[in-house]
Structure formats: structure tokens, C-alpha cells
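The structure under discussion appears below in the form of C-alpha cells.
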Amino acid sequence: MAERGTDIASIIISMEKAALDRPDAGGFLEISDPDVIYMDPTLDRPIYGLDSLTAYYAGFPVNDSVPPGKMLNSKVQVFGDVAVLTFNFKRGEKPTHGWNATEVYRRTEQGWRIVHTHWAYVKPEMP
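Below, the structure written as C-alpha cells:
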């Protein structure tokens, strides 16, 4: 029986929340496709491929003291074997701790995997 859109949304949101709840970036590596593309505002250019993303994340320490964050306003749009997750992520009380996130997932033999991830600051100060 094929998954329905609401089932797919629940699966993807659960995967994303599990990755966000970890004190390290390993959760995202586990659900990323080998061909993943990663973008965030701290980078000069995108990161291409899981090996490069793994090397990038290796520079981030495990931090068990980071307060839990909240996934807000999540929405999953399903287009066959592709799904787009958009959400806001907030950690802490400062407005500067907010993020806009877009994750594009592809259904693979291993299940749903991230093929594109893009993080941006919520309401950044413009130059």
C-alpha cells in the first residue's frame, strides 16, 4: 500500500525532529542522501555531497548543554517521490536564534533522504 501525503509528512517531520533533538549533527548525516547539497548563510558556497558535509560537520563539537529547539510552522508538500519540508526553527528566547529552513527529501530504497537543505536567518539585519 502506498504512503499517503499525511503519512509521508508525519514520517519526514519525525525524522527531522529526531535529527534536531540530537546534540550533534550526526542525525542529519544519517538521513542525508550521498548527493546532498547544503546551504546556510555562514558559507560562501554550497557544500556538495555527503562526504563534504560530513567533513564540515566534523568541525562542530557535540554540545549536550544546548537547550532544545522548537520546530514551528512545519509544512510538507509531496510530489511523487519528492517532498519539500519548510519550517521555522527557534532555540532560546533571542530573536536572532530563529531560522527558516527548507529540506528537500527524495524517496530512496533506504527511505526518505535529504537531497537539499537550506537554512537562513529569520529577519536578518540587512547591510
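The opening position of the sequence shown corresponds to residue 405 in this note's numbering, with each subsequent residue numbered one higher. Each residue gets a CB set at the ideal place from its N, CA and C atoms; glycine is no exception. Being a predicted model, the structure only gives us computed values, none of them experimental.
Range covered by the beta strand (DSSP E) that runs through residue i
i      : result
GLY515 : 515 to 525
Counted within 10 angstroms of its Cβ, other Cβ atoms place residue i as buried (16 or more) or exposed
i      : result
TYR509 : buried
PHE491 : buried
GLY484 : exposed
ALA524 : exposed
ALA505 : buried
GLY502 : buried
ALA459 : exposed
Close Cβ partners of residue i (< 7 Å) along its chain, the five nearest in sequence each way excluded
i      : result
ARG517 : ILE435, SER436, ASP437, TYR509 and ARG510
ALA429 : TYR461 and PHE464
LYS421 : MET475
6 Å CB neighbourhood of residue i in its chain, flanking five on each side removed
i      : result
MET443 : PRO450 and HIS522
VAL488 : GLN481 and VAL508
Identity of the residues DSSP links to residue i by a beta bridge
i      : result
ALA487 : VAL482 and TYR509
LEU476 : ASN492
ASN504 : ASN492 and ALA524
SER436 : ILE518
MET443 : HIS522
Neighbourhood of residue i by C-beta, 8 Å cutoff - its chain only, sequence neighbours within 5 removed
i      : result
THR545 : The question about residue 545 has no answer here: the residues shown for the chain are numbered 405 through 531.
Boundaries (first-last residue) of the alpha helix (DSSP H) holding residue i
i      : result
ASP425 : Note, ASP425: premise wrong, no alpha helix (DSSP H); not H, not E.
ASP455 : 454 to 461
**Request:** Spell out a yes or no on whether the stretch 410 to 427 and the stretch 460 to 475 are touching, meaning 3 or more CB-CB pairs, one atom from each, closer than 8 Å.
**Result:** yes
**Meets three-Cβ-pair contact criterion under 8 Å: the stretch 454 to 466 and the stretch 432 to 440** = yes
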